[in-house]
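Position 110 of the sequence shown, counted from 1, bears residue number 135 in our numbering, the numbering being contiguous throughout. The structure appears right after this line, and notes come after that.
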Amino acid sequence: MKFASLDPASVSPRRSRRLWPWLLLSPLLLIAIAATLAVQSRPLVEPVDGGLKPEEIQSTKDFLRRNDPRRLQASPHRLLRIEERQLNLMLMQLAQRYGQGRGAAQIQLQAGTARLQASLQMPALGVWLNLEARLSQTLALPQVEELRLGHLPLPAWLAEAALRRGLGHLALSVQAQRAGELVESLRFNPQELLLGYHWQADSLDHVLGAFWTPDEQERAQAYNRRLVEISAAYPPGSSVSLALLMPPIFELARARSERPDADPVAENRAALLTLALFSTGQRWSKLLPSARAWPQPLPRMVTLAGRDDFPQHFLVSAVLALEGSGPLADAIGVYKEVADSRGGSGFSFNDIAADRAGTRFGLLAKDAPRSLQALMRVGLHELDFMPGVADLPEFLSAEAFQQRYGGIDAPAYRQMMAEIEARIAALPLLQQANVPRL
């Protein structure tokens, strides 16, 4: 059977006009089909119900502390063994952090191969974005053999480009590159990952330096310079209320946010980081190696409600929340209090209140940055942003906490937390900013 060839000249103008809409719609139709295949109604990995548990955060902190390369025996070449359970715990925490409580991830390790799965909820659409990748071991770093987005299989050659795009979305591309330069090999064993890396005396400086763009470094230096001026106004050995420190710092944030190319959220972030470091007795050089050459603020005790630990709770939680990790800030606050009850100062609900107030402050700094800057005026009172907590139970031992409240999932504990949330919601700063409750 012979088919007649199509002569372009034989296509009538009317028929040509009919074909054009189909030619234009075809790419859109393919995109719609791909988008439909990429999302699913259920997660591939279930997120942790109720967020991170205190003991899970403690496990990760202990693991990182034990394997801090600065504390290990001096050697340029290191080998780190990570059990699958511990690796999954860290992956879940990262997914929770960058997924703002809506993400989950896990990995399954076998001899020479690994299967990575991740899920991200998309509430606006009522669907889940699921990713699954199969990695194979090589002499150096692993390579992606298979990549699937929902029901949509993707060619392996797209994996590297997709990974770069994902890292760029997280603003981690440079940092990941610097950290990746330290990694020599990744080997997969059943339920175990072996990470080979090299470490020199200046390795940490290289990695930390990559976390800060030139604009961020200039911003940090500006707030550090302002804090140097503020700290010099108080006599040596004196204490200063956080309510006195925040107005001049945020006045600088407001002024800088008026520039045409300004990013008010970034200004608030730098302001809060500067205050958080100062309240904990740290310097910017802890995060940014080049800051060692900057003038340093004079040490002063920062207080809130007459205590020097409340500003630390408040500001660290604020920074974590501003970074997009409200659930993580909650979990870290609970973790510290549970840890204290097991061998430290005891479980304190007033510390939890400072954590939660800081979290709300950090979210306000992110969601309504200019409103917050305008509210940070001279005459700011501590009770504008921190609730009264003098009547809240504190210094509870593990036994007393369990006996009185029955654990962090018990009704008595939830009732106390509801009381704390009500006090925070009534804070004048939040009322004036007119922001929704968490």
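For each residue, glycine too, the CB sits at the ideal point set by N, CA and C. In this text, all values refer to a predicted model and were calculated from it rather than measured experimentally.
Secondary structure of Tyr259 (DSSP, three-state): coil.
Beta-bridge analysis with DSSP links Glu217 to Glu108 and Asn214. Residue burial annotation: His102 is exposed, with fewer than 16 other C-beta atoms found within 10 angstroms of its C-beta. Under the 10 Å beta carbon count, Phe372 is surrounded by 16 or more other beta carbons and is classified as buried. Annotated three-state conformation of Gly128 is strand, per DSSP. The C-beta of Pro436 has fewer than 16 other C-beta atoms within 10 Å across all chains shown, which makes the residue exposed.
DSSP links Glu157 through a beta bridge to Gln142 and Arg173. About 5 Å separates the beta carbons of Val253 and Pro322, which is inside the 8 Å limit, making them a contact pair. Collapsing the DSSP output to three states places Pro412 in coil. In chain order, Arg140 place their CB closer than 6 Å to the CB of Gln133, counting only its own chain and leaving out the 5 sequence neighbours on each side. With a 10 Å radius around the Cβ and a threshold of 16 neighbouring Cβ atoms, Pro180 comes out exposed.
Taking the C-beta atoms as reference points, Pro412 is found no nearer than 8 Å to Leu454. For Leu69, same chain residues with a beta-carbon under 6 Å away, outside a window of 5 residues either side, are Gln142, Ser144 and Asn155 in chain order. In this structure the stretch 431 to 445 does not touch the stretch 309 to 319; the number of beta carbon pairs closer than 8 Å is below three. Residue state for Pro94 is assigned as coil, using DSSP reduced to three classes. By the criterion of at least three beta-carbon pairs nearer than 8 Å, the stretch 209 to 226 is not in contact with the stretch 270 to 281.
With a threshold of 16 other beta carbon atoms within 10 Å, Met147 falls short and is exposed. Of the residues Gln125, Arg332, Gly387 and Lys86, the one whose Cα lies closest to the Cα of Leu347 is Gly387. For the set Phe213, Ala291, Ala295 and Glu171, the Cα lying nearest the Cα of Gln246 is the one of Ala295. By the CB criterion at 8 Å, Leu297 and Leu340 fall inside the cutoff. The Cβ atoms of Gly151 and Ala63 lie no closer than 8 Å to each other.
DSSP places Thr384 within a helical segment (H, G or I) once states are collapsed to three. In the DSSP assignment, Met326 falls outside any alpha helix (DSSP H) and lies within the beta strand (DSSP E) extending over Met326 to Thr328. If you check the CB distance, Thr305 and Leu267 do not come in under 8 Å. Ranked by how close their Cα comes to the Cα of Pro394, the residues Ala149, Lys78 and Arg279 have Arg279 in first place.
Under the DSSP assignment, Ser264 falls in the beta strand (DSSP E) whose first and last residues are Ser264 to Ser266.
With 16 or more other CB atoms across the displayed protein chains lying within 10 angstroms of its CB, Asp376 is buried. Cα atoms of Arg448 and Gln428: separation of roughly 25 Å, rounded to the nearest angstrom. Apart from the 5 residues on each side of it in sequence, Gly221 sits with its Cβ closer than 6 Å to the Cβ of Leu104, Glu209 and Ser210 in its chain, given in chain order. With a threshold of 16 other beta carbon atoms within 10 Å, Pro320 falls short and is exposed. Contact check for Leu400 and Gln457: beta-carbon distance about 6 Å, within the 8 Å limit, so the pair qualifies. In this structure, the alpha-carbon of Trp182 lies about 9 Å from that of Glu170. DSSP, reduced to helix, strand and coil, places Pro336 within a helical segment of the structure shown. Gln440 carries a helical assignment under DSSP once its states are collapsed to helix, strand and coil. Around the C-beta of Asp380, 16 or more other C-beta atoms lie within 10 Å, and the residue is accordingly described as buried.
Secondary structure note for Pro289: its alpha helix (DSSP H) is the uninterrupted segment Pro289 to Ser304.
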